[in-house]
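Protein chains in written order, with our numbering: chain A, 43 to 357; chain B, 9 to 488.
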Amino acid sequence: MLLFIGSFNLYHTSLPPASTISRMERGAAETYFCPVVRVGNLATVEQDDKDGRITTGNQGQRRPRVALLVTCLVDLMRPSVGFAAVKLLEEAGCDVVVPSQTCCGQPAYNSGNRATARALALQVMDRFSGVDYVVAPSGSCAGMAARHYPELFTHDPNLAVRARAFADKTHELVSFLTDILGVTSVSATFEHTVTYHDSCAGLREMHVKRQPRTLLESVEGLKLVEMKDAEVCCGFGGTFATKYGEISDAIVSEKARNIDSSKADVLLAGDLGCLMNMAGKLSRQGRKMEVRHIAEVLADMTDAPAIAAPEDGSI
Amino acid sequence: MTAPMTSPQFKDNAHRALGDAQLQKALGNVRHAVIERRAAAAAALPEFEALRDQARDIRDHVLQHLDIYLEEYERKVTAAGGHVHFARTGDEACRIITGIARRRGAKSVTKGKSMVSEEIGLNGALERAGVEVIETDLGEYIIQLRGETPSHIIMPAVHLNQEDVEQEFRKRHTHLDAGRNLEDAETLLAEARGILRQKFLAADMGITGANFLVAETGTSIIVTNEGNGDLTQTLPKVHVVVASIEKIAPTLEDAAAIMRVLARSATGQDMSVYTTLSTGPRRPGDVDGPEEYHVVLVDNGRSAMLGTEFQDMLRCIRCGACMNHCPVYHAVGGHAYGWVYPGPMGAVLTPSLMGVDKGGHLPNASTFCGRCEDACPVRIPLPKLMRHWREREFERHLAPVRVRAGLSLWGFFARRPLLYRLGTSIAMRAMGWLGRKRGHFARVPFAGGWTSYRDFPTPQGGTFQAQWKKREKGRQGISR
Ligand code: SF4
Chain A
43 MLLFIGSFNL YHTSLPPAST ISRMERGAAE TYFCPVVRVG NLATVEQDDK DGRITTGNQG
103 QRRPRVALLV TCLVDLMRPS VGFAAVKLLE EAGCDVVVPS QTCCGQPAYN SGNRATARAL
163 ALQVMDRFSG VDYVVAPSGS CAGMAARHYP ELFTHDPNLA VRARAFADKT HELVSFLTDI
223 LGVTSVSATF EHTVTYHDSC AGLREMHVKR QPRTLLESVE GLKLVEMKDA EVCCGFGGTF
283 ATKYGEISDA IVSEKARNID SSKADVLLAG DLGCLMNMAG KLSRQGRKME VRHIAEVLAD
343 MTDAPAIAAP EDGSI
Chain B
9 MTAPMTSPQF KDNAHRALGD AQLQKALGNV RHAVIERRAA AAAALPEFEA LRDQARDIRD
69 HVLQHLDIYL EEYERKVTAA GGHVHFARTG DEACRIITGI ARRRGAKSVT KGKSMVSEEI
129 GLNGALERAG VEVIETDLGE YIIQLRGETP SHIIMPAVHL NQEDVEQEFR KRHTHLDAGR
189 NLEDAETLLA EARGILRQKF LAADMGITGA NFLVAETGTS IIVTNEGNGD LTQTLPKVHV
249 VVASIEKIAP TLEDAAAIMR VLARSATGQD MSVYTTLSTG PRRPGDVDGP EEYHVVLVDN
309 GRSAMLGTEF QDMLRCIRCG ACMNHCPVYH AVGGHAYGWV YPGPMGAVLT PSLMGVDKGG
369 HLPNASTFCG RCEDACPVRI PLPKLMRHWR EREFERHLAP VRVRAGLSLW GFFARRPLLY
429 RLGTSIAMRA MGWLGRKRGH FARVPFAGGW TSYRDFPTPQ GGTFQAQWKK REKGRQGISR
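What follows is the structure in structure tokens.
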């Protein structure tokens, strides 16, 4: 009677339970990677145990070396976000380098093209070596490296170890500033009522939630109001927005309603993809709303016209 | 015969759903009320997250030893005087059940809510065999009247508004006074109850699903909020449980542990109102219960998922939280998915059970926002499993040509940084110049999916990397 499910037993008994596998990998990572990690250890900044603030400068430690994963969208669409990120990192005491880069591989990965995703992940890992941290002004691209690169190399133990180590040093910009560098305030002025949209990957993969709000509250003149359903997806979803344009439109329209009823005059978020989607919808609806990446506000660099806004700055 | 399927027409289904004002109004309930109730229930229980881990571990353990537990379960049911039937396919399960009905000369069958019976098309099979089928869950009863399928796995009629139900009742219950008051939910409920009561008493056979099949005792457990399951399984002379093979819980304690996350995740209740356990037929001295007790265990493609990257999906306890939290489900509702299981769990399960050639749209129609995985009580990595389906589709060249071409062009440049920098820097400067006045484009070639609905922001012009190079030259920096 049980013959038809008999076939999977064989398969099952030959595999160790999943938990054993991950333990093995972790063990391997520690032993194998030690000599390589040491380079990084030397460079790791000293942290005060109590509040996690960095102690740099006068004590003679060298500044943390941060490679900016600028993300293809910022690179192509909105360089000012990249410069804002650099400014924030430098002011927080980092040496910033920008390795030559293209794309983190996420579009390929999420389209089921693992081979291309792997090639691009390797390219990034090669080009971003020799730094203490990799930081991206995007929860989504940081999440790709921090959460998904290890997934891409599960069947190659050496690369898996490299990917794990790379993942561990990759951070989203704002949470990197607060959680790793211990930044609690910025010196910026922005006389606006703003609302902040929690982009999905930042929120759920990189646990970015209170960090941007903490820093925004330190901006002079800025009033933060919460919109309804700030944690709900804006409907971007990478290629989803074009492949399922009509559904994406329904989702972003709902988001636009919530943004509108928040009574804010500026919309901020930490991911340019979501921002372009929301700004594009608000612009099509003819709403008067300034849309910016949070880094621009935190770095006090809000001179460039807002996203989807005309050259003269009028919205 | 499995349930009819329109998943390949997902886009058309979605288009219709988005234009359906009544449906959009009804979906409003899912967008907030259930989510808030679940969040409150989870927050009120400090050990909720730990319970989720425990539930996941129990389910994983079951899947790793499913053969052993199924055999134990079968032994226990048999020892209690019941019969266990294994069905490889939906058709086989339908044949077994209609066979029982025929042998017992059953004319009418009452049914408790069961998604697997929808999956295998049981109602149709019974009706073709001349048996009247009466759904007794209120939501199921309503959609049965309307000739519809469930649009949600625990709230089958969630796509309807109260006035839709009132209309249907007036149309169908013509023996009742046309001037009666049906304005509030209670009167609707009372009317359905009155009608169903007669059917319960007249039924020759009762069919229920199962939330758990307990291996240690041979018990099947259902949880309901209406108590209809109790009447379905205790009043008729024959009780048939139809359940999929992965519903096993090793012990009663394991089932109880999972129940603690099930109702909270599903409806935000601490526990469902009725938890009904049944073990075998009526014993001498029992005051009620059926004369015959059957369990039909349906595989229908599940054993083929074991040992694959999709095994985690079989942890599912059918709570519905993933669809309750899904922005795509919120937008289009359950019927658009085109088969029995909607939302994120359906997006993984449908291609698994029906083939990715038919269910291929579903795992693609997700923004990967991850809210489903966050809510899933047994921590199924739903976006990851959907991505695995996209990988299978990619390998089989099932993705649309234009999407594939666009992505491979992108991939080509992305793997050649020099060419990429040169190309993008020229392109962005050109686009930035073209769109600088307005700040956005209302139309972009090949991006109709985007610009039909929203503007495309103008690039600032010149790439970050090009500008950075210039700046670093000035500062004699370290960029490579
Ligand atoms: S996948 Fe998880 S959230 Fe969705 S129905 Fe199953 S158990 Fe519930």
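Ideal placement from N, C-alpha and C gives every residue a C-beta, glycine not left out.
Indicate, with yes or no, if the ligand FAD has a heavy atom lying under 8 Å from the CB of B:I388.
This structure does not include the ligand FAD; its bound ligands are the ligand SF4.
According to DSSP, simplified to helix, strand and coil, what is B:A251?
The three-state secondary structure of B:A251, taken from DSSP, is strand.
For B:V281, count neighbouring C-beta atoms within 10 Å of its own C-beta (all shown protein chains included) and say buried if the count is 16 or more, exposed if not.
Counting other Cβ atoms within 10 Å of its Cβ, B:V281 stays below 16 and is therefore classed as exposed.
Going along chain B in order, which residues have a C-beta closer than 8 Å to the C-beta of A:S325?
Neighbours of A:S325 in chain B, taken as residues whose beta carbon is under 8 Å from its own, are G447, H448, R462, D463, P465 in chain order.
State the Cα-Cα distance for the pair B:V222 and B:G90, rounded to the nearest angstrom.
Cα to Cα, the separation comes out at about 14 Å.
Is A:L111 close to chain B? Criterion is C-beta to C-beta, closer than 9 Å.
It does not: the Cβ of A:L111 has no partner Cβ on chain B nearer than 9 Å.
Quick one: Cα of B:R188 to Cα of B:H181, how far?
Note on geometry: alpha-carbon atoms of B:R188 and B:H181 lie some 11 Å from one another.
Continuous beta strand (DSSP E) stretch holding A:T235: start and end:
Element bounds for A:T235: 235-239.
Please tell me whether A:V108 and A:G124 are closer than 9 Å, where the distance is taken between their beta carbons.
Remark: C-beta atoms of A:V108 and A:G124 do not approach each other more closely than 9 Å.
Reduced DSSP category for B:T86 - H, G, I as helix; E, B as strand; rest coil:
Of the three classes helix, strand and coil, the one that applies to B:T86 here is helix, per DSSP.
Exposure of A:T144, with buried meaning 16 or more beta-carbon neighbours within 10 Å:
Counting every other CB atom within 10 Å of its CB across the protein chains shown gives A:T144 a total of 16 or more, marking it as buried.
Alpha carbon to alpha carbon, how far is B:L26 from B:G341? Give it in angstroms, no decimals.
One C-alpha to the other measures close to 9 Å.
Examine chain B for any beta-carbon lying closer than 9 Å to the beta-carbon of A:C136, and answer yes or no.
Output row for A:C136: interface = no.
For a contact defined as C-beta to C-beta under 7 Å, what are the partners of A:M318 on chain B?
Correct list: P465.
How about A:T284: is its C-beta nearer than 9 Å to some C-beta of chain B?
It does; some Cβ of chain B falls within 9 Å.
Would you tell me roughly how many angstroms separate the C-alpha atoms of A:Q148 and A:R169, rounded to the nearest one?
The straight-line gap from Cα to Cα measures roughly 17 Å.
Have a look at A:G287, A:V274, A:T231, A:P347 and flag the residue whose alpha-carbon is nearest the alpha-carbon of B:D382.
It is A:V274.
Residues that B:H181 contacts on chain A, provided the C-beta gap is smaller than 8 Å
What B:H181 touches in chain A: nothing, since even the nearest Cβ is about 36 Å away.
Tell me whether B:Q152 is buried or exposed, calling it buried when 16 or more other Cβ atoms sit within 10 Å of its Cβ.
Answer is buried; the Cβ neighbour count reaches 16.
Does the count of Cβ pairs from the stretch 213-233 of chain B and the stretch 189-196 of chain B closer than 8 Å reach three?
Cβ pair count under 8 Å is below three, so no.
Identify, in the order they occur along the chain, each residue of the same chain with its Cβ nearer than 7 Å to the Cβ of A:A272, setting aside the five sequence neighbours on each side.
Sequence-distant partners of A:A272 (beyond 5 residues in either direction) whose C-beta falls short of 7 Å from its own C-beta, in its chain, are Y238, H239, D240.
For B:L285, is the classification buried or exposed, using 16 other Cβ atoms within 10 angstroms of its Cβ as the cut-off for buried?
B:L285 comes out exposed.
Roughly how far, in whole angstroms, is the beta-carbon of B:E143 from the beta-carbon of B:K119, given that I think they are within contact range, below 8 Å?
Their Cβ separation, rounded to whole angstroms, is 5 Å, which keeps B:E143 and B:K119 in contact under 8 Å.
Express the C-alpha separation of B:A50 and A:C276 in angstroms, rounding to a whole number.
Straight-line spacing of the CA atoms in A:C276 and B:A50 works out to 25 Å.
Looking at the strands, I want to know which residues DSSP matches up with B:A95.
The partner list for B:A95 (beta bridge, DSSP) reads B:V306.
Take A:A341 and list the residues in its own chain whose beta-carbon comes closer than 6 Å to its own, dropping the five residues that flank it on each side.
Excluding residues within five positions, the ones whose Cβ falls inside 6 Å are A126, K129, L130.
Residues of chain A with CB closer than 8 Å to the CB of B:S273, please, in chain order.
Within chain A, no residue has its CB atom less than 8 Å from the CB of B:S273, the nearest being about 17 Å off.
Report the residue ranges of all beta strand (DSSP E) runs contained in full by the stretch 184-267 of chain A; include only those spanning at least 3 residues, in chain order.
Within the stretch 184-267 of chain A, the complete beta strand (DSSP E) runs of at least 3 residues are 212-214, 235-239.
Taking C-beta to C-beta, are A:A348 and B:G447 nearer than 9 Å?
The answer is yes: Cβ separation under 9 Å.
How about A:S64: is its C-beta nearer than 9 Å to some C-beta of chain B?
With a pLDDT of 35 at A:S64, under the threshold of 50, the modelled position of this residue cannot be trusted; read the value that follows with caution. No, no contact with chain B.
From B:I104, B:R400, B:R404, B:L357, pick the residue whose C-alpha is nearest to that of B:P389; which is it?
Nearest of B:I104, B:R400, B:R404, B:L357 to B:P389, Cα basis: B:L357.
Cβ neighbour criterion (16 or more within 10 Å) applied to B:M321
Per the 10 Å Cβ criterion, buried.
Positions along the stretch 369-395 of chain B whose CB lies within less than 8 Å of some CB in chain A:
So the list reads N372, A373, S374, T375, F376, C377, G378, R379, E381, D382, K392, R395, given in the order they occur along the chain.
Spatial neighbours of B:M13 in its chain, beta-carbon cut-off 7 Å, leaving aside the 5 residues before and after:
Contacts found: G346, W347, M362, K366.
Put B:R154 into one of helix, strand or coil per three-state DSSP.
Looking at B:R154 - three-state DSSP - the assignment turns out to be helix.
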